[in-house]
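Report on one structure; see the data block that follows.
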Amino acid sequence: MNTLKTILSGLAVGGAMTIPGVSGGSAAMILGIYDDLITAVSHAFSEPRKNLLLLLKFAVGACAGALLIARLITFLLTTPVEVPLRFLFLGAVAGGIPMIFRKAEIRKLTAGSTALILAGVGVVMLISMLPERIFSPDTSGFAAVIMQFLGGLLLAAALVLPGISASHFLLMLGIYDDVMEKLGEFELLALVPLAAGAAVGVFLTAKVLERLLGLHPRGTYLVILGFMLGSLRELLPHGAGAVQTAAGMLCTVVGFVVVYWLQSGKKYRDIVQKPVDKRKI
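Using our numbering, the first residue of the sequence shown is number 1, and each one after it goes up by one.
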């Protein structure tokens, strides 16, 4: 893959990752770069010259895309369109759920399937019980830096898995607004612990997730499904008026349709249905 295409792909994926409900992994699949990225991460140190260079080019584009879109989102969240925008995010997250159903190949709910889905919901409930903004980049001190690093480790799974939105995960951790604000104002030093945790987490979890999806795809996606279902309530805007709610309902439909359409396209289906090459695992 040439340098320009890699950077432009990173630009698109980085911008997509700032929007709750839009999975960076899914965007990478649509662009045809997902397998290359997973292989590069999994074999970064066995073939560093080739793979680290690819990841560096992609990261340059992704950072630029995230900064550009984050600035726009930060602005919109301070205007009257905030509530409809959050409804749009809700619809976008919901639009990704049918793809998880397809990947999990759910034909009927069994006791085992239900248990795995409930396990995903349970993870969401445990996260929601954590002290508010415990992972926030606005907090300072050694303990706060460690917590932000740990938050980055948790975020890594969302960065690697297709169908999981990294921004949605930030919402679950209660730090989406804080992170978007820092990105929008280019206060990047405050995000270093979170970014470091995410980078380390990606390298640590890429092989594990690749193996799980290769050997136990159905169970893995059932847990992911539970995670997504359990987290929808976190996206519901509070204190919306009648007009804002009406506009929000329309935005929810738009968000759902756009993400569902993107993930139902033939090119995307062909990629996600391609058998996993176990020689890479």
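Positions of the beta carbon are idealized from the N, C-alpha and C atoms, including for glycine.
Predicted model only: the values in this text are computed from it and were never measured.
Residue closest to residue i, alpha-carbon to alpha-carbon, out of the options
| i | options | result |
| --- | --- | --- |
| Gly15 | Leu236, Ser167, Arg218 and Glu181 | Ser167 |
| Ile224 | Gly214, Leu116 and Gly95 | Leu116 |
| Ile33 | Leu54, Cys63, Leu189 and Arg71 | Leu54 |
| Ala196 | Gly255, Val243 and Ala156 | Ala156 |
| Gly241 | Ala198, Arg133 and Val83 | Val83 |
| Thr39 | Leu250, Cys251 and Val160 | Val160 |
| Lys8 | Asp35, Ile19, Pro48 and Ala59 | The amino acid at residue 8 is misidentified as Lys; the sequence shows Leu. Among Asp35, Ile19, Pro48 and Ala59, the Cα nearest to that of Leu8 is on Ala59. |
| Trp261 | Ala94, Lys182 and Leu85 | Ala94 |
| Arg102 | Arg218, Val257, Phe256 and Gly230 | Arg218 |
| Gly61 | Thr139, Thr3 and Cys251 | Thr3 |
| Pro20 | Phe149, Pro131, Ile69 and Asn51 | Ile69 |
| Thr74 | Met99, Leu150, Gly184 and Phe169 | Gly184 |
| Val123 | Ala199, Leu250, Gly226 and Leu88 | Gly226 |
| Val202 | Ala12, Val41 and Ala27 | Val41 |
| Met228 | Leu77, Gly120 and Leu215 | Gly120 |
| Leu90 | Arg211, Ser231 and Val243 | Ser231 |
| Val13 | Gly65, Thr78 and Leu215 | Gly65 |
Reduced DSSP category for residue i - H, G, I as helix; E, B as strand; rest coil
| i | result |
| --- | --- |
| Pro193 | helix |
| Gly14 | helix |
| Phe169 | helix |
| Asn2 | coil |
| Ala158 | helix |
| Gly201 | helix |
| Gly241 | coil |
| Pro20 | coil |
| Phe45 | coil |
| Leu236 | coil |
| Glu181 | helix |
| Ile7 | helix |
| Ile224 | helix |
| Pro275 | Bear in mind that the predicted position of Pro275 carries a pLDDT of just 46, short of 50, making it too unreliable to give a figure here. |
| Gly174 | coil |
| Phe186 | coil |
| Ile38 | helix |
Per-residue burial, residue i [other beta carbons within 10 Å of its own, 16 or more giving buried]
| i | result |
| --- | --- |
| Lys108 | exposed |
| Leu236 | exposed |
| Gly141 | exposed |
| Met125 | exposed |
| Ser46 | exposed |
| Met129 | exposed |
| Thr205 | buried |
| Ala143 | exposed |
| Phe256 | buried |
| Ala111 | exposed |
| Ile281 | In this prediction, Ile281 scores a pLDDT of 34, lower than 50, which makes its location untrustworthy; the coordinate-derived value is nonetheless stated afterwards. Ile281 is exposed by the Cβ-count criterion. |
| Thr18 | buried |
| Leu213 | buried |
| Ala246 | exposed |
| Thr114 | exposed |
| Leu56 | exposed |
| Phe135 | buried |
| Pro131 | exposed |
| Gly10 | buried |
| Val208 | exposed |
| Pro137 | buried |
| Glu105 | exposed |
| Thr6 | buried |
| Pro193 | buried |
Chain C within 8 Å of residue i, Cβ atoms only
| i | result |
| --- | --- |
| Gly120 | Absence of chain C from the displayed structure is noted, only one protein chain being present. |
Residue ranges of each beta strand (DSSP E) run of no fewer than 3 residues wholly in the stretch 67–152, ordered along the chain? For the stretch 67–152, not a single whole beta strand (DSSP E) run of length 3 or above is found.
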